[in-house]
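Taking it in order: structure first as C-alpha cells, then the write-up.
In the numbering used here, the protein residues as written are 535 to 686.
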C-alpha cells in the first residue's frame with residue numbers, strides 16, 4: 535500500500551505557492567525530517583489550518599451511511615466501497631492515508647475533503663509525487679500581486 539499525507543494550507547499561502555508547489559513540497563519534507571527545529575515548526579503552524587477530526591468523522595459517516603463500510607477509531611477511519619479501500623489517520627494539521635492506488639483516494643476521500651477546505655496539498659511519502667487536490671479558485675487575486683510591464 536502507498537502512503538500519502540494531506541495538508542490544509544491557508545488561503546493566502548495556497549495562492550502564493552500554487553504555481554511554486556515544489557517549494558512547498560520541499561518545505562513539508564524538511565518539516566518531517568527535522569520537526570524539532572522551532573523555526574520550521576513555527577512556519578508549519580503558520581501556513582497550515584486545522585482539521586476538525588470529529589467533524590470529518592461525522593461527515594464521512596453521514597455521506598457513506600449505507601453505501602460503504604466505515605470503521606471508525608479515535609483518530610483513524612477505514613472506508614471500503616466497490617473495490618476501493620482507504621485507511622486514514624487524522625491529526626490536527628494533516629491526514630495520513632494508505633491505499634493501493636491514488637484513484638481510491640480520489641473516489642473515497644478527496645470529494646469529502648473538498649467540502650471542508652479549498653486548498654489541500656497532498657504528497658506521496660514514498661516517491662517525489664505531490665500536488666494540489668483542488669485548484670485555486672481566484673487566480674485573478676494571485677495575479678494582481680505581480681506587475682509586469684515594458685517601457686517599449
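Just so you know, even glycine gets a beta-carbon here, dropped at the ideal spot from N, CA and C.
Boundaries of the alpha helix (DSSP H) in which residue i is found, first to last residue
i: residue 551; result: 545 to 551
i: residue 628; result: That residue, residue 628, is in no alpha helix (DSSP H); it is neither H nor E in DSSP.
i: residue 595; result: 587 to 597
i: residue 575; result: 572 to 581
Segment limits, beta strand (DSSP E) that includes residue i
i: residue 619; result: 618 to 624
i: residue 609; result: Looking at the DSSP string, residue 609 is not in any beta strand (DSSP E), and its letter there is neither H nor E.
Buried versus exposed call for residue i [16 or more other C-beta atoms within 10 Å across all chains shown]
i: residue 542; result: buried
i: residue 539; result: buried
i: residue 584; result: exposed
i: residue 568; result: exposed
i: residue 573; result: exposed
i: residue 565; result: buried
i: residue 662; result: exposed
i: residue 688; result: Since the first and last residues shown for the chain are 535 and 686, residue 688 lies out of range.
i: residue 672; result: Its pLDDT being 49, under 50, residue 672 is placed unreliably by the model, and the measurement read from it follows with that caveat. Exposed.
For residue j and residue i, the rounded distance between their alpha carbons
i: residue 647; j: residue 586; result: 11 Å
i: residue 617; j: residue 548; result: 33 Å
i: residue 655; j: residue 665; result: 6 Å
i: residue 614; j: residue 600; result: 11 Å
i: residue 552; j: residue 562; result: 14 Å
i: residue 579; j: residue 629; result: 15 Å
i: residue 535; j: residue 560; result: 23 Å
According to DSSP, residues forming a beta bridge with residue i
i: residue 665; result: 656
i: residue 615; result: 618
Sub-8 Å separation of residue i and residue j beta-carbons
i: residue 639; j: residue 624; result: no
i: residue 659; j: residue 537; result: yes
i: residue 668; j: residue 545; result: no
i: residue 595; j: residue 606; result: yes
i: residue 622; j: residue 611; result: yes
i: residue 590; j: residue 631; result: no
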